[in-house]
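Numbering (our numbering), first residue to last: 70 to 332. Glycine included, each C-beta is placed from N, C-alpha and C at the ideal position. None of these values were measured; they are calculated from a predicted model. Reading through the structure tokens given below for one structure.
Pasting the structure below:
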């Protein structure tokens, strides 16, 4: 996946001359979320990607589908879900400890390398906070919306089709959306979650003017249709406009009828 980096200087000059022609470059994804670039006119730019890891990984999964890497897409979607678990666990623990994130850090260290323990911690905290058991990936069956499918792809080298990758991506999207919409039902819990979310975002370098960008799939800083969880058809539309548009549109058909392509 490559991040589009827009030039702030070109944008400012275009606004002043009433001739906006956005100049941008592409940059590979970076762990720290801070992107330095020089546009074709020689302007230096710093762009901050305001995104939690679960948001970025879901975008990477969608771009992997566009690029034809369906196995990578499934892996990225699965990682996106796990990183939401991490965000929710740390946010909840940080909120409860109130004055310090040391408690959250110590707890997370105990489970950071054990995905089953992370899942268990998420289920317990989510159930306690919301008085409801969270929806999870199905454990039975071999369909593309199950944990068995995910494990076959990630651990056994199974090569999924385009349709399977999209089904799995939509399944993860539904889970993430259900969690986010549950959080949105309580204004105080939403405020606390978003405050913690903002605290972990990359920080603007104090000496530089920066452009700020967000992920296309999810962003806790943006609402679409009254929710921070936009529907999957809207997300597919966002990604159908990149790269080879005709090819991507066929892959991400808005009507939900997918062509079954096996590589």
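message: Measuring only the C-alpha atoms, how far is residue 201 from residue 195?
response: Start at 1 with the first residue of the chain shown, and residue 201 comes out as number 132. Start at 1 with the first residue of the chain shown, and residue 195 comes out as number 126. Cα to Cα, residue 201 sits roughly 7 Å from residue 195.
message: Pairs of beta-carbons, one from the segment 261-274 and one from the segment 115-124, closer than 8 Å: are there three or more?
response: yes
query: At what residues does the alpha helix (DSSP H) containing residue 126 begin and finish?
result: In the chain shown, residue 126 corresponds to position 57, counting from 1. Residues 122-136.
query: Which of the three DSSP states, helix, strand or coil, is assigned to residue 272?
result: As a working note, residue 272 is residue 203 in the chain shown. Correct three-state label for residue 272: coil.
query: If you follow the beta strand (DSSP E) that residue 166 is part of, which residue opens it and which one closes it?
result: Working through the chain shown from its first residue, we reach residue 166 at position 97. Here residue 166 belongs to no beta strand (DSSP E); instead the alpha helix (DSSP H) covers 139-166.
task: Using alpha carbons as the reference points, say which of 115, 280, 150 and 111 lies closest to residue 130.
output: In the chain shown, counting from the first residue as 1, residue 130 sits at position 61. Measuring from the Cα of residue 130, the nearest candidate turns out to be 150.
field: Of the listed residues 134, 81, 117 and 76, nearest to residue 108 (C-alpha basis)
entry: Along the chain shown, read from residue 1 onward, the residue named residue 108 stands at position 39. Comparing Cα-Cα distances from residue 108 to each of 134, 81, 117 and 76, the minimum goes to 76.
- request: Starting from residue 50, follow the beta strand (DSSP E) in both directions and report where the run begins and ends.
  value: Past the edges of the chain, shown from 70 to 332, lies residue 50, and the structure says nothing about it.
Beta-bridge pairing of residue 287 - partner residues as DSSP gives them: By 1-based counting over the chain shown, the position of residue 287 is 218. In the DSSP output, where bridge partners are listed per residue, residue 287 has 298.
- prompt: What did DSSP end up calling residue 206 once you bin it into helix, strand or coil?
  reply: By 1-based counting over the chain shown, the position of residue 206 is 137. In the structure shown, residue 206 sits in coil (DSSP, three-state: anything other than H, G, I, E or B).
- prompt: If you check the beta carbons only, do residue 261 and residue 164 fall under 8 Å apart?
  reply: As a first step, residue 261 is located in the chain shown; it is residue number 192 there, counting from the start. As a first step, residue 164 is located in the chain shown; it is residue number 95 there, counting from the start. In contact: residue 261 and residue 164 (Cβ atoms closer than 8 Å).
- prompt: Of the residues 157, 302 and 236, which one's Cα is nearest the Cα of residue 192?
  reply: As a first step, residue 192 is located in the chain shown; it is residue number 123 there, counting from the start. Comparing Cα-Cα distances from residue 192 to each of 157, 302 and 236, the minimum goes to 157.
CA-to-CA distance, residue 272 to residue 161, given in whole angstroms: Walking along the chain shown from the start, residue 161 turns up at place 92. Walking along the chain shown from the start, residue 272 turns up at place 203. So the alpha carbons of these two residues sit roughly 22 Å apart.
Span of the alpha helix (DSSP H) around residue 100: Here residue 100 refers to the residue found at position 31 of the chain shown. Here residue 100 belongs to no alpha helix (DSSP H), and DSSP marks it neither H nor E.
message: Would residue 198 and residue 285 qualify as a contact pair, given that the criterion is a beta-carbon distance under 8 Å?
response: In the chain shown, the residue the question calls residue 198 occupies position 129. In the chain shown, the residue the question calls residue 285 occupies position 216. No, the Cβ-Cβ distance between residue 198 and residue 285 is not below 8 Å.
message: Using only the alpha-carbon positions, how far apart do residue 70 and residue 321 sit?
response: Here residue 70 refers to the residue found at position 1 of the chain shown. Here residue 321 refers to the residue found at position 252 of the chain shown. Going from the Cα of residue 70 to the Cα of residue 321 covers about 17 Å.
task: Measure the Cβ-Cβ separation of residue 244 and residue 204 and say whether it is below 8 Å.
output: By 1-based counting over the chain shown, the position of residue 244 is 175. By 1-based counting over the chain shown, the position of residue 204 is 135. Their beta carbons are under 8 Å apart, which means residue 244 touches residue 204 by this criterion.
field: residue 106, DSSP secondary structure in three states
entry: Within the chain shown, numbered from 1, the residue matching residue 106 stands at position 37. Reduced to three states, the DSSP call for residue 106 is strand.
query: For residue 222, is the classification buried or exposed, using 16 other Cβ atoms within 10 angstroms of its Cβ as the cut-off for buried?
result: The residue given as residue 222 occupies position 153 in the chain shown. Under this definition residue 222 is a buried residue.
- request: Identify, in the order they occur along the chain, each residue of the same chain with its Cβ nearer than 7 Å to the Cβ of residue 299, setting aside the five sequence neighbours on each side.
  value: Sequence index remark: in the chain shown, residue 299 carries index 230 (1-based). Excluding positions up to five away in sequence, the list reads 293.
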